[in-house]
Amino acid sequence: MSTPSPMLKEQLLTLDNPVFCCYLFWATVLVVKMLLMSLLTALQRFRYKIFPNEEDLFFKNIEVQFDDPHVERVRRAHRNDMENILPYFIMGLIYLSTDPNPTVACNLFRVAAVARILHTLVYAVYPVPQPSRILAFATMLLITFYMAAVVALRTLSFI
Amino acid sequence: MSTPSPMLKEQLLTLDNPVFCCYLFWATVLVVKMLLMSLLTALQRFRYKIFPNEEDLFFKNIEVQFDDPHVERVRRAHRNDMENILPYFIMGLIYLSTDPNPTVACNLFRVAAVARILHTLVYAVYPVPQPSRILAFATMLLITFYMAAVVALRTLSFI
Amino acid sequence: MSTPSPMLKEQLLTLDNPVFCCYLFWATVLVVKMLLMSLLTALQRFRYKIFPNEEDLFFKNIEVQFDDPHVERVRRAHRNDMENILPYFIMGLIYLSTDPNPTVACNLFRVAAVARILHTLVYAVYPVPQPSRILAFATMLLITFYMAAVVALRTLSFI
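Chains as they are written, first to last, in the numbering used here: chain A, 4 to 162; chain B, 4 to 162; chain C, 4 to 162.
What follows is the structure, encoded as structure tokens:
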């Protein structure tokens, strides 16, 4: 993976390409992490008995309720995931298709994924003082911007 | 499609691969379904005259208003779509690139898409008692988790 | 780019395909535009000192606060981006893999990206009267529907 050998471009998005495999693995980790946010929200809803729909009132004598801080914290973290990880998925795939340096690319995929896992931990699971969340957030943001710069420079003539 | 013949890996993400075509069709269905949620929200906004921006006040003597239950129900359904279908799109594409069993893959694509259409119907169009929505939600969630497990096992050595 | 020469299908998702390069460039522009929405939200939060988490209270004598119109306007624009641009990314990639007419495809990518930049300007940066935002919104929506129709017709037999 550390020897940036030339590769036929047709093989970039296949399992023959170790950089693609690395992307696959860490994108899968992030997809699972995002889906677990739904379950974490559900957990909070049942723990604090906060449900937003009439048909969800699984307990007696409760009413639909919004704006519970425990539920909303998880939902904000989940929304932040959507705002950052989903564009990153596309950006990573695009970046990969421009045949980047394998070592750089793999390490970016690893760092970005770990940063977002930390972001979830310090935001939704166990809130800690800033700037921990800002740093975790900025890590993936800067990685995505870097990938965007690489791709934009490569494809600028096709504007 | 039912004969899992070996295929050159370079051809996995082309129209020569019937599994890819199946993914394309059902992903397209889900994209259209998601975009229709925007129009359904707009429909509810005009029906109940609930607009969130000053510049959207198309009727006289109304003010910006939030938290209308009819509008918010559609928006919650739409957000749930983003939380689940968008990661699924990436997961499906990734899963496809690992050359899965064609019959299994195609059926997963079909079931997942139909489940989310049912989810929208029982959530945003005509609310029905639980656990109909939970079942529709869990179907795509479990399918995405299954795909993630398949990919993670295939790419674990590239961590 | 204007001569729709036949191309080996395996080469569609590579830099050898100018239509793919055009998609890469404009998708990158839209990814950057979306990420800037996060920074614009942060800017508004600091300008009006509106923070949703206890750990974000960077100034003395302020409390967590929601529903500030300046912050919420940017967040609505950002959510609208997620609702429309993220499905468009997948739809564009899918559309590209069906080997569309290069001139048509490139122009669709260009118009869609410019329309969403205008959408952000008239929604989140400098609000102007309707129907400017509706037109910008409808442009990408119709382009995505068109791409969906093309793909659905090509892959209908793989339902």
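We treat Cβ as the ideally placed atom computed from N, Cα and C, and that holds for glycine. These numbers come from a predicted model, not from an experiment.
Original post:
How many Å lie between E58 of chain A and I65 of chain A at the Cα?
Top reply: Residue 58 of chain A sits at position 55 when you count from the first residue of the first sequence. Residue 65 of chain A sits at position 62 when you count from the first residue of the first sequence. Computed Cα separation, rounded: 12 Å.
Subject >> L16 of chain C in three-state terms, based on DSSP >> reply: As a working note, residue 16 of chain C is residue 13 in the third sequence. The DSSP-derived three-state label of L16 of chain C is coil.
**OP:** Drop a sphere of 10 angstroms on the beta-carbon of T31 of chain A, count the other beta-carbons inside from all chains shown, and report buried for 16 or more, exposed for fewer.
**Re:** Within the first sequence, the letter at position 28 stands for residue 31 of chain A. Label assigned to T31 of chain A: buried.
Original post:
Buried or exposed: which applies to Y129 of chain A, given that a residue is buried once 16 or more other Cβ atoms fall within 10 Å of its Cβ?
Top reply: Along the first sequence, read from residue 1 onward, the residue named residue 129 of chain A stands at position 126. Here Y129 of chain A is exposed. Its C-beta has fewer than 16 other C-beta atoms within 10 Å.
**OP:** Could you tell me whether the Cβ of F161 of chain B comes closer than 7 Å to any Cβ of chain A?
**Re:** Counted from its first residue, the second sequence places residue 161 of chain B at position 158. True, the Cβ-Cβ gap to chain A drops below 7 Å.
**OP:** Would you mind giving the Cβ-Cβ distance between L38 of chain A and P72 of chain B, rounded to the nearest angstrom? I have them listed as a contact below 8 Å.
**Re:** Reading the first sequence from its first residue, position 35 is the one you call residue 38 of chain A. Reading the second sequence from its first residue, position 69 is the one you call residue 72 of chain B. In this structure L38 of chain A is not in contact with P72 of chain B, their Cβ atoms being roughly 27 Å apart against a cut-off of 8 Å.
**OP:** Return no unless some Cβ of chain A is closer than 7 Å to the Cβ of P21 of chain C.
**Re:** In the third sequence, counting from the first residue as 1, residue 21 of chain C sits at position 18. Closer than 7 Å to some Cβ of chain A, the Cβ of P21 of chain C qualifies, so yes.
**OP:** Check K36 of chain C in the structure and name its three-state DSSP category.
**Re:** Along the third sequence, read from residue 1 onward, the residue named residue 36 of chain C stands at position 33. Helix.
Original post:
Which runs of the alpha helix (DSSP H) spanning at least 4 residues fall entirely within the segment 93–159 of chain C, listed in chain order?
Top reply: The segment 93–159 of chain C is shown to contain whole alpha helix (DSSP H) runs of 4 or more residues at 105–123 and 135–158, in chain order.
Original post:
Leaving out five residues before and five after S135 of chain B in sequence, what residues of the same chain have Cβ atoms less than 6 Å from its Cβ?
Top reply: For the purposes of this step, residue 135 of chain B is identified with residue 132 of the second sequence, where counting begins at 1. Excluding its 5 nearest sequence neighbours in each direction, S135 of chain B has C-beta neighbours in its own chain below 6 Å: V125, listed in chain order.
Original post:
If you run the structure through DSSP and keep just helix, strand and coil, what is F49 of chain A?
Top reply: Indexing the first sequence from 1 puts residue 49 of chain A at position 46. Three-state result, F49 of chain A: helix.
**OP:** Please list, in chain order, all residues of the same chain as M150 of chain A whose beta carbon is under 6 Å from its beta carbon, the five residues on each side excluded.
**Re:** Position 147 of the first sequence holds residue 150 of chain A. Result list for M150 of chain A: M94 and Y98, in chain order.
Original post:
Which bits of chain A does S41 of chain C rub up against, with CB to CB less than 9 Å?
Top reply: Numbered from its first residue, the third sequence carries residue 41 of chain C at position 38. Close partners of S41 of chain C in chain A (Cβ separation under 9 Å): N83, E86, N87, F140 and L144.
Original post:
Applying a beta-carbon distance threshold of less than 7 Å, which residues of chain C neighbour T101 of chain A?
Top reply: Your numbering for residue 101 of chain A matches position 98 in the first sequence. Here the neighbours are L18.
Subject >> Buried or exposed by the 16-neighbour rule on C-beta atoms within 10 Å, applied to F112 of chain C >> reply: Taking the third sequence and counting its residues from 1, the one referred to as residue 112 of chain C is at position 109. Burial call: buried.
**OP:** Just the chain C side, please: which residues come within less than 7 Å of A127 of chain B by C-beta, in chain order?
**Re:** Along the second sequence, read from residue 1 onward, the residue named residue 127 of chain B stands at position 124. Here the premise fails: no neighbours, minimum Cβ distance about 14 Å.
Original post:
Is D70 of chain A buried or exposed, if buried means 16 or more other CB atoms sit within 10 Å of its CB?
Top reply: By one-based count along the first sequence, residue 70 of chain A stands at place 67. That one is exposed.
Subject >> Whole-angstrom distance between Q68 of chain A and D102 of chain A, CA atom to CA atom >> reply: In the first sequence, counting from the first residue as 1, residue 102 of chain A sits at position 99. In the first sequence, counting from the first residue as 1, residue 68 of chain A sits at position 65. Take the alpha-carbon of D102 of chain A and the one of Q68 of chain A: they are about 50 Å apart.
**OP:** Please confirm whether C25 of chain C and L18 of chain C have their CB atoms less than 7 Å apart.
**Re:** Along the third sequence, one-based indexing puts residue 25 of chain C at 22. Along the third sequence, one-based indexing puts residue 18 of chain C at 15. Their beta carbons are not under 7 Å apart, which means C25 of chain C does not touch L18 of chain C by this criterion.
**OP:** Give a yes or no on whether the minimum CB-CB distance between Y27 of chain A and chain B is below 7 Å.
**Re:** By one-based count along the first sequence, residue 27 of chain A stands at place 24. First, the amino acid is wrong: residue 27 of chain A is Leu here, not Tyr. It does; some Cβ of chain B falls within 7 Å.
Original post:
Going by Cα to Cα distance, which pick from A:E75, A:W29, A:V22 and A:L16 is closest to S41 of chain A?
Top reply: In the first sequence, counting from the first residue as 1, residue 41 of chain A sits at position 38. Taking each of A:E75, A:W29, A:V22 and A:L16 in turn and checking the Cα distance to S41 of chain A, the smallest one comes out for A:E75.
Original post:
Among residues of its own chain, excluding the 5 on either side of A116 of chain B, which ones have a beta-carbon nearer than 6 Å to its beta-carbon?
Top reply: To locate residue 116 of chain B, count along the second sequence from 1; it is residue 113. W29, V32 and L33.
Subject >> Nearest-angstrom beta carbon gap, T106 of chain C and H81 of chain C [assumed within contact, 8 Å] >> reply: The sequence position of residue 81 of chain C within the third sequence is 78, counting from 1. The sequence position of residue 106 of chain C within the third sequence is 103, counting from 1. Not quite, the Cβ-Cβ distance comes to about 32 Å (not below 8 Å), so this is no contact.
Subject >> Outcome for F62 of chain B when other beta-carbon atoms lying within 10 angstroms are tallied against a minimum of 16 >> reply: Residue numbering aside, residue 62 of chain B sits at position 59 when the second sequence is read from its first letter. Answer is exposed; the Cβ neighbour count stays below 16.
Original post:
Whole-angstrom Cβ separation of M143 of chain A and A118 of chain A, contact assumed at under 8 Å?
Top reply: Indexing the first sequence from 1 puts residue 143 of chain A at position 140. Indexing the first sequence from 1 puts residue 118 of chain A at position 115. A Cβ-Cβ distance of about 5 Å is found for the pair M143 of chain A and A118 of chain A, placing them in contact under the 8 Å criterion.
Original post:
In chain order, what residues of the same chain lie with their CB nearer than 7 Å to the CB of P55 of chain B, ignoring the 5 residues before and after it?
Top reply: For the purposes of this step, residue 55 of chain B is taken as the residue at position 52 of the second sequence. Here the set comprises V67 and F69.
Original post:
Grouping DSSP H, G and I as helix and E and B as strand, with all else coil, what is F69 of chain C?
Top reply: Here residue 69 of chain C refers to the residue found at position 66 of the third sequence. Looking at F69 of chain C - three-state DSSP - the assignment turns out to be coil, as it is neither helix nor strand.
**OP:** Could you round the C-beta distance between F140 of chain B and H122 of chain B to whole angstroms and report it? I think they count as a contact, below 8 Å.
**Re:** On the second sequence, residue 140 of chain B is found 137 positions in, with the first residue counted as 1. On the second sequence, residue 122 of chain B is found 119 positions in, with the first residue counted as 1. For a cut-off of 8 Å, the C-beta gap from F140 of chain B to H122 of chain B is around 6 Å, short enough to register as a contact.
Original post:
Cβ of A155 of chain B less than 7 Å from any chain A Cβ?
Top reply: Residue numbering aside, residue 155 of chain B sits at position 152 when the second sequence is read from its first letter. Yes - at least one Cβ of chain A is within 7 Å of the one on A155 of chain B.
**OP:** Could you tell me whether any Cβ in chain B is nearer than 7 Å to the Cβ of F92 of chain A?
**Re:** Counting from 1 along the first sequence, the entry for residue 92 of chain A is found at position 89. Answer yes: the Cβ-Cβ gap between F92 of chain A and chain B drops below 7 Å somewhere.
**OP:** Could you tell me which of B:L16, B:L145, B:R78 and B:C109 sits nearest to R48 of chain B, measuring between CA atoms?
**Re:** Within the second sequence, residue 48 of chain B is the residue found at index 45, counting from 1. Selected option, being the one with the closest Cα: B:R78.
Original post:
Who are the Cβ neighbours of N87 of chain A in its own chain at under 8 Å, not counting the five residues just before and after it?
Top reply: As a working note, residue 87 of chain A is residue 84 in the first sequence. Correct list, in chain order: R119, F140, M143, L144 and T147.
**OP:** Could you tell me which chain A residues have their CB closer than 7 Å to the CB of I53 of chain B, listed as they occur along the chain?
**Re:** As a working note, residue 53 of chain B is residue 50 in the second sequence. None at all; the shortest Cβ gap to chain A is about 16 Å.
**OP:** For I120 of chain B, go through chain A and note every residue whose CB falls closer than 9 Å to its CB, in chain order.
**Re:** On the second sequence, position 117 is the one that residue 120 of chain B refers to. Correct list: empty, because the minimum Cβ distance to chain A is about 18 Å.
**OP:** Under 8 Å Cβ to Cβ from N83 of chain C, same chain only, skipping five residues before and after it: list those, please.
**Re:** Numbered from its first residue, the third sequence carries residue 83 of chain C at position 80. Excluding residues within five positions, the ones whose Cβ falls inside 8 Å are H122, Y126 and F140.
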